[in-house]
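Going down the list, the sequences are from chains A and B.
Taken in order, the first sequence gives residues 521 to 791; the numbers are from my numbering.
Taken in order, the second sequence gives residues 521 to 791; the numbers are from my numbering.
Heads up, the thing below is written out as structure tokens.
2 protein chains.
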Amino acid sequence: MMLIDGRPATTVPASDRGLNYGDGLFETVRVHAGELPLFERHLARLRDGCRRLGLPHPGDDAIRADARALLADGALEGVLRIVLTHGDGGRGYAPPVDTPGRRIVSLHTLPAGLEGGMTAGVCETRLGDSPALGGLKHLGRLEQVLAARETAVAGWDEGLMLDASGWVVEGTRHNLFYWRNGHLYTPPLRSTGVAGVMRALVLESLPRAGVPGGEARLRYDDLHAIEGLLLCNAVAGLRVVERLEGRALGEGGDMRELKRELRAAGVAWLG
Amino acid sequence: MMLIDGRPATTVPASDRGLNYGDGLFETVRVHAGELPLFERHLARLRDGCRRLGLPHPGDDAIRADARALLADGALEGVLRIVLTHGDGGRGYAPPVDTPGRRIVSLHTLPAGLEGGMTAGVCETRLGDSPALGGLKHLGRLEQVLAARETAVAGWDEGLMLDASGWVVEGTRHNLFYWRNGHLYTPPLRSTGVAGVMRALVLESLPRAGVPGGEARLRYDDLHAIEGLLLCNAVAGLRVVERLEGRALGEGGDMRELKRELRAAGVAWLG
Numbered sequence: 521m522m523l524i525d526g527r528p529a530t531t532v533p534a535s536d537r538g539l540n541y542g543d544g545l546f547e548t549v550r551v552h553a554g555e556l557p558l559f560e561r562h563l564a565r566l567r568d569g570c571r572r573l574g575l576p577h578p579g580d581d582a583i584r585a586d587a588r589a590l591l592a593d594g595a596l597e598g599v600l601r602i603v604l605t606h607g608d609g610g611r612g613y614a615p616p617v618d619t620p621g622r623r624i625v626s627l628h629t630l631p632a633g634l635e636g637g638m639t640a641g642v643c644e645t646r647l648g649d650s651p652a653l654g655g656l657k658h659l660g661r662l663e664q665v666l667a668a669r670e671t672a673v674a675g676w677d678e679g680l681m682l683d684a685s686g687w688v689v690e691g692t693r694h695n696l697f698y699w700r701n702g703h704l705y706t707p708p709l710r711s712t713g714v715a716g717v718m719r720a721l722v723l724e725s726l727p728r729a730g731v732p733g734g735e736a737r738l739r740y741d742d743l744h745a746i747e748g749l750l751l752c753n754a755v756a757g758l759r760v761v762e763r764l765e766g767r768a769l770g771e772g773g774d775m776r777e778l779k780r781e782l783r784a785a786g787v788a789w790l791g
Numbered sequence: 521m522m523l524i525d526g527r528p529a530t531t532v533p534a535s536d537r538g539l540n541y542g543d544g545l546f547e548t549v550r551v552h553a554g555e556l557p558l559f560e561r562h563l564a565r566l567r568d569g570c571r572r573l574g575l576p577h578p579g580d581d582a583i584r585a586d587a588r589a590l591l592a593d594g595a596l597e598g599v600l601r602i603v604l605t606h607g608d609g610g611r612g613y614a615p616p617v618d619t620p621g622r623r624i625v626s627l628h629t630l631p632a633g634l635e636g637g638m639t640a641g642v643c644e645t646r647l648g649d650s651p652a653l654g655g656l657k658h659l660g661r662l663e664q665v666l667a668a669r670e671t672a673v674a675g676w677d678e679g680l681m682l683d684a685s686g687w688v689v690e691g692t693r694h695n696l697f698y699w700r701n702g703h704l705y706t707p708p709l710r711s712t713g714v715a716g717v718m719r720a721l722v723l724e725s726l727p728r729a730g731v732p733g734g735e736a737r738l739r740y741d742d743l744h745a746i747e748g749l750l751l752c753n754a755v756a757g758l759r760v761v762e763r764l765e766g767r768a769l770g771e772g773g774d775m776r777e778l779k780r781e782l783r784a785a786g787v788a789w790l791g
């Protein structure tokens, strides 16, 4: 089911700037028990992203109305995808002034395999560095596409991506946290990667859960020294990696308080 | 006028992977005197790009047939745009295996202002570095979009872009060549920028034209020391910058032999 600018539709003009230039943003929102527990966080990130890119924003109410309409059929579990593009433009990179954007909101079934421990490996495809786009969930995701294909060929559940200098950044579709010396860290994302909604929520929850940690860089060469690896995104929540490139990993640290905090914050589907 | 997979159409499914993930490539081809003088170079670049990205290629003959059909109405001057996307896919970065791609070929009028000297300035928006995507004309062009808006606001004809370390890379829609110590150089494009068809042709033509030069890096701090600046792309050809951030620039060097070589190679519209 899909709404384009609020109306049922399945196609967009081939002149859409999202298609031609990646001029747009998207969000992937978890539907749980017929609700969107983290919706306000996704809406806030979209507003911030539109501000950073000068992208027209349709207003939160329009997106909320789309979501209500799509959930009216009673879906309990699923994924709501929101795409905002810069709308239609002529040929040429400069966006037309005062053009209305386009919003594409669609409801999807929950992907399989969201439960249990995961396997992971490290992809050959490196993540680039972009001072202008770092952290944004913009429409240009070709590096993730290449790495996701590697991941599928290797048979891992997820592939980790390094930057060009060999720093660990994130997975193809998850942010990551790692246990080291009893602390739970996630790589900083200054000019690369996607600053995920679940990553932010985990970071906020650490102090309340009494788990020491925060942002800290990790070299590929130091992956052997970590005590545990977690992957997170807004659809799955937080998951444990059981095997990294064939090496067995334990839980790494006590997750009970952290999971309690996350459930209290809305991640009620967390096992 | 537009053909999608060979048939007249103006819309694509909103599930297109070019729209959702930037999973595709494009070419901007000059129409001159009803012909496509550099078409084979563009087709070769598309084949190479598809190989690098694992993108399905429709075959040169299909693209040639689209071009013939669009030019059958007798257009003499214009721009042919070719977009190849990874076609339709479900939600998720990994491309479906054996999916047919989608090709969108469209004919546009020639943009205004292709003649005469240009003004240029340096954009705040920096170009990122991507080992996986450097040089490719892929669909994720958000940095160029941001820089093109800066360029329009500043009132320049073109904006130059630096990488994060302050090296000059290219313009928002042109590659660049600069004169220094009597040599004509262009910045190398290892992991950033778009390796343009006209840039390659100029590089190839330098020895035949007896112009010393080639690839050499240029820092922003050294822009004041250049003797001349040229911008090139497949639509405009090769153009001289007359003012760079307000400073008057001369031609920088003798262009007559180089222009003769370029005209002989197909750039017959060069003034």
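Note that the Cβ used here is the ideal one computed from N, Cα and C, for glycine as well.
Closest to residue i by CA distance: which of the options is it?
| i | options | result |
| --- | --- | --- |
| His606(B) | Gly598(B), Leu600(B), Leu539(B) and Arg646(B) | Leu539(B) |
| Glu747(B) | Ala756(B), Lys779(B), Glu670(B) and Gly702(B) | Gly702(B) |
| Gly612(B) | Gln664(A), Gly675(A) and Ile602(A) | Gln664(A) |
| Arg763(B) | Gly637(B), Asn753(B) and Leu523(B) | Gly637(B) |
| Pro631(A) | Arg567(A), Asp741(A) and Glu597(A) | Glu597(A) |
| Leu545(A) | Arg623(A), Ser535(A), Gly594(A) and Trp676(A) | Arg623(A) |
| Arg739(B) | Thr671(B), Ala684(B) and Gly648(B) | Ala684(B) |
| Val625(B) | Arg584(B), Gly648(B) and Ala614(B) | Arg584(B) |
| Gly554(A) | Trp676(A), Gly791(A), Thr629(A) and Trp699(A) | Thr629(A) |
| Gly526(B) | Leu723(B), Val603(B), Lys657(B) and Val642(B) | Val603(B) |
| Leu769(B) | Glu560(B), Ala715(B), Pro533(B) and Tyr698(B) | Tyr698(B) |
| Asp742(A) | Val689(A), Leu659(A) and Val673(A) | Val689(A) |
| Gly633(B) | Leu558(B), Trp676(B) and Met521(B) | Trp676(B) |
Can you pull the chain A neighbours of residue i, defined as C-beta to C-beta under 7 Å?
| i | result |
| --- | --- |
| Arg661(B) | Tyr541, Gly542 and Tyr613 |
| Leu764(B) | The premise fails here: Leu764(B) is roughly 20 Å from chain A at the closest Cβ pair, so nothing lies under 7 Å. |
| Leu604(B) | Simply none; closest approach about 12 Å. |
| Val665(B) | Tyr541, Asp543, Tyr613 and Pro615 |
Do residue j and residue i count as a contact pair if the criterion is CB distance below 9 Å?
| i | j | result |
| --- | --- | --- |
| Ala474(B) | Pro708(B) | Because chain B is modelled from 521 through 791, residue 474(B) falls outside the range shown and cannot be assessed. |
| Val599(B) | Arg661(B) | no |
| Gly609(B) | Pro620(B) | no |
| Leu750(A) | Gly772(A) | yes |
| Arg601(B) | Glu547(B) | yes |
| Gly655(A) | Thr712(A) | yes |
| Ala582(B) | Leu627(B) | no |
| Ala668(B) | Arg693(B) | yes |
| Thr639(A) | Val761(A) | yes |
| Ala729(A) | Arg780(A) | yes |
With respect to the alpha helix (DSSP H) encompassing residue i, which residues constitute its N-terminal and C-terminal limits?
| i | result |
| --- | --- |
| Asn540(B) | Arg537 to Tyr541 |
| Ser792(A) | Nothing about residue 792(A) can be reported from this structure: the residues present for chain A run from 521 to 791 only. |
| Met522(B) | Unbroken run through Met522(B) is the beta strand (DSSP E), Met522 to Ile524; no alpha helix (DSSP H). |
| Leu782(A) | Arg776 to Ala784 |
By the criterion of Cβ-Cβ separation under 7 Å, what are the contact partners of residue i in chain B?
| i | result |
| --- | --- |
| Ala672(A) | Ala614 |
| Gly793(A) | Because chain A here runs from 521 to 791, residue 793(A) falls outside it and cannot be looked at. |
| Thr530(A) | Pro533 and Ala534 |
| Arg669(A) | Gly574, Ala614 and Pro615 |
| His552(A) | Result: empty, since nearest Cβ-Cβ is about 17 Å, beyond 7 Å. |
Which two residues bound the contiguous beta strand (DSSP E) that contains residue i?
| i | result |
| --- | --- |
| Arg728(A) | Counting along the chain, Arg728(A) falls outside any beta strand (DSSP E), though it belongs to the alpha helix (DSSP H) covering Val717 to Ala729. |
| Glu547(B) | Gly544 to Val551 |
| Ala640(A) | Met638 to Val642 |
| Pro533(B) | Thr531 to Pro533 |
| Val787(B) | It is not in any beta strand (DSSP E) - Val787(B) carries neither H nor E in the DSSP assignment. |
| Thr706(B) | His703 to Thr706 |
| Val689(B) | Val688 to Gly691 |
| Tyr698(B) | Asn695 to Arg700 |
| Leu769(B) | Unbroken run through Leu769(B): none, as it is neither H nor E. |
| Glu735(B) | Gly733 to Glu735 |
| Leu647(B) | Careful: Leu647(B) lies outside any beta strand (DSSP E) and carries neither H nor E. |
| Gly748(B) | Gly748 to Asn753 |
Please list, in chain order, the chain A residues whose beta carbon lies closer than 8 Å to that of residue i.
| i | result |
| --- | --- |
| Arg601(B) | Arg611 |
| Thr706(B) | Within chain A, no residue comes near Thr706(B); the closest Cβ sits about 20 Å away, beyond 8 Å. |
Using beta carbons (cut-off 9 Å, strictly below), is residue i in contact with chain E?
| i | result |
| --- | --- |
| Val549(B) | Any reference to chain E falls outside this structure, whose protein chains are A and B. |
List the residues of chain B that residue i touches, going by C-beta distances under 8 Å, in chain order.
| i | result |
| --- | --- |
| Met522(A) | Ala534 |
| His658(A) | Gly660 and Leu662 |
| Val731(A) | Going along chain B, no residue has its Cβ under 8 Å from Val731(A), so there is no contact; the nearest lies around 30 Å. |
| Ile624(A) | Ala534 |
| Arg693(A) | Gly612 and Tyr613 |
For a contact defined as C-beta to C-beta under 9 Å, what are the partners of residue i on chain A?
| i | result |
| --- | --- |
| Gly648(B) | Gly648, Asp649, Ser650, Pro651, Ala652, Leu653, Gly654, Ser711 and Thr712 |
| Ala684(B) | Asp649, Ser650, Pro651 and Ser711 |
| His628(B) | Gly610 and Arg611 |
Could you list which residues in chain B have their beta carbon closer than 9 Å to that of residue i, in chain order?
| i | result |
| --- | --- |
| His562(A) | Result: empty, since nearest Cβ-Cβ is about 15 Å, beyond 9 Å. |
Practice prompt. Taking only runs that begin and end inside the segment 652-686 of chain B, name each unbroken alpha helix (DSSP H) of 4 or more residues, in chain order.
Written response: 662-674
Item to complete: Kindly provide the ranges of any beta strand (DSSP E) runs that are 3 or more residues long and lie completely inside the segment 553-612 of chain A, ordered along the chain.
Response: 598-605
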